[in-house]
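Residue numbers (the numbering used here): 180 to 415.
We treat Cβ as the ideally placed atom computed from N, Cα and C, and that holds for glycine.
I have placed the structure first, in the form of structure tokens, so that the comments after it can refer back to it.
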Amino acid sequence: MTPATDAAPSGGAPIRILLVDDHPLVREGVRMLVEAQPDMDLRAESADRVSALAALRRERPDLILLDLDLGADDGLDLLRELLRLDPDLRVLVFTGLRDRELHQRAVELGALGVVPKEQATSVLLAAIRKVHAGEAWIDRKVVASLLQQARRAPQQSDPEQRKIAALTARERELVALVAQGNGTRRLSERLGITDKTIRNHLVSIYAKLGVSDRLELAVYAGRHGLAAPPESTAGH
Numbered sequence: 180m181t182p183a184t185d186a187a188p189s190g191g192a193p194i195r196i197l198l199v200d201d202h203p204l205v206r207e208g209v210r211m212l213v214e215a216q217p218d219m220d221l222r223a224e225s226a227d228r229v230s231a232l233a234a235l236r237r238e239r240p241d242l243i244l245l246d247l248d249l250g251a252d253d254g255l256d257l258l259r260e261l262l263r264l265d266p267d268l269r270v271l272v273f274t275g276l277r278d279r280e281l282h283q284r285a286v287e288l289g290a291l292g293v294v295p296k297e298q299a300t301s302v303l304l305a306a307i308r309k310v311h312a313g314e315a316w317i318d319r320k321v322v323a324s325l326l327q328q329a330r331r332a333p334q335q336s337d338p339e340q341r342k343i344a345a346l347t348a349r350e351r352e353l354v355a356l357v358a359q360g361n362g363t364r365r366l367s368e369r370l371g372i373t374d375k376t377i378r379n380h381l382v383s384i385y386a387k388l389g390v391s392d393r394l395e396l397a398v399y400a401g402r403h404g405l406a407a408p409p410e411s412t413a414g415h
């Protein structure tokens, strides 16, 4: 890994990171990368479950960079245990495993992002910053799989209908487009509104539906039949 410092935000306390990976070369590469970032602080490194749990209690990190393949230890079991100990913890999966079902399971258990190890260092740094900010960093195919699973879930009487009814036509349209995997730039082009207006709409939508980010919104949309655009968008 080549150290990079692009797009590092200024000000504020550095992101306290715990790295959990059983490969010394990977840990060394990540350490060099993180140490070059003024907004990041690698507090500890662990190679197994026992040392990871001890480091969590000792260092109280903001974010854990977690490999799913830890030799004798199961990364998913460790993920579940880490979040049980600290539900507010941000977990970013950093893995060489290409099993999309495994990635999906990690997200279902509470990971906010998945970065394959073959990605560029700039991608890993961007993902760390996004996940630390509470945003999701997940492959679109994984999101699509989560949506399909949500659509297959039984939908009897929906107690969320009152919340959904509070959405404006424009907000319904935006929800559908987010569920289809559109990013901010594409949303702006499709709707003919500015990025700032989109963000304002999303803040309103999150408050009305009780979700916290676009991933939760996309899954919510699939579960409650909002992934298809409304028949009419008049009146926005």
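Would you kindly work out how many angstroms separate the C-alpha atoms of residue i and residue j, rounded to a whole number?
i, j, result
"Leu247", "Arg237", "22 Å"
"Ala386", "Lys342", "10 Å"
"Pro203", "Met211", "12 Å"
"Leu137", "Ala348", "Since the first residue shown for the chain is 180 and the last is 415, residue 137 is missing from the structure and cannot be characterised."
"Asp200", "Ser225", "6 Å"
"Val270", "Val357", "23 Å"
"Asp265", "Leu255", "15 Å"
"Gly208", "Pro295", "15 Å"
"Ala397", "Gln359", "8 Å"
What did DSSP end up calling residue i once you bin it into helix, strand or coil?
i, result
"Val199", "strand"
"Glu339", "coil"
"His415", "Confidence at His415 is low in this model, with a pLDDT of 42, below 50, so the placement of that residue should be treated as unreliable; the coordinate-derived value is given next. It is coil, neither helix nor strand."
"Ile377", "helix"
"Ile317", "coil"
Do residue j and residue i count as a contact pair if the criterion is CB distance below 9 Å?
i, j, result
"Leu428", "Leu388", "Lying before the first or after the last residue shown, residue 428 is absent from the chain, which here runs from 180 to 415."
"Leu276", "Ile243", "no"
"Ala290", "Leu258", "yes"
"Val272", "Leu245", "yes"
"Ile377", "Ser391", "no"
"Arg365", "Asp374", "no"
Are three or more beta carbon pairs between the segment 274–285 and the segment 298–316 nearer than 8 Å? Touching, no, given that fewer than three Cβ pairs across the two stretches are closer than 8 Å.
Mind pulling the alpha helix (DSSP H) runs of 4 or more residues that sit fully within the segment 257–303? Taking only runs of at least 4 residues, the alpha helix (DSSP H) segments lying wholly in the segment 257–303 are 279–288.
Can you list the alpha helix (DSSP H) stretches of 4 or more residues lying completely in the segment 337–371, in chain order? When DSSP assignments are scanned along the segment 337–371, the uninterrupted stretches of alpha helix (DSSP H) that are 4 or more residues long and fall wholly within it turn out to be 340–344, 348–358, 363–370.
With a cut-off of 8 Å, do at least 3 Cβ pairs link the segment 294–308 to the segment 226–237? Fewer than three Cβ pairs drawn from the segment 294–308 and the segment 226–237 lie within less than 8 Å of each other, which leaves the two stretches out of contact.
Within the segment 199–260, ranges of the alpha helix (DSSP H) (whole runs, at least 4 residues): Listed in chain order, they are 203–214, 228–238.
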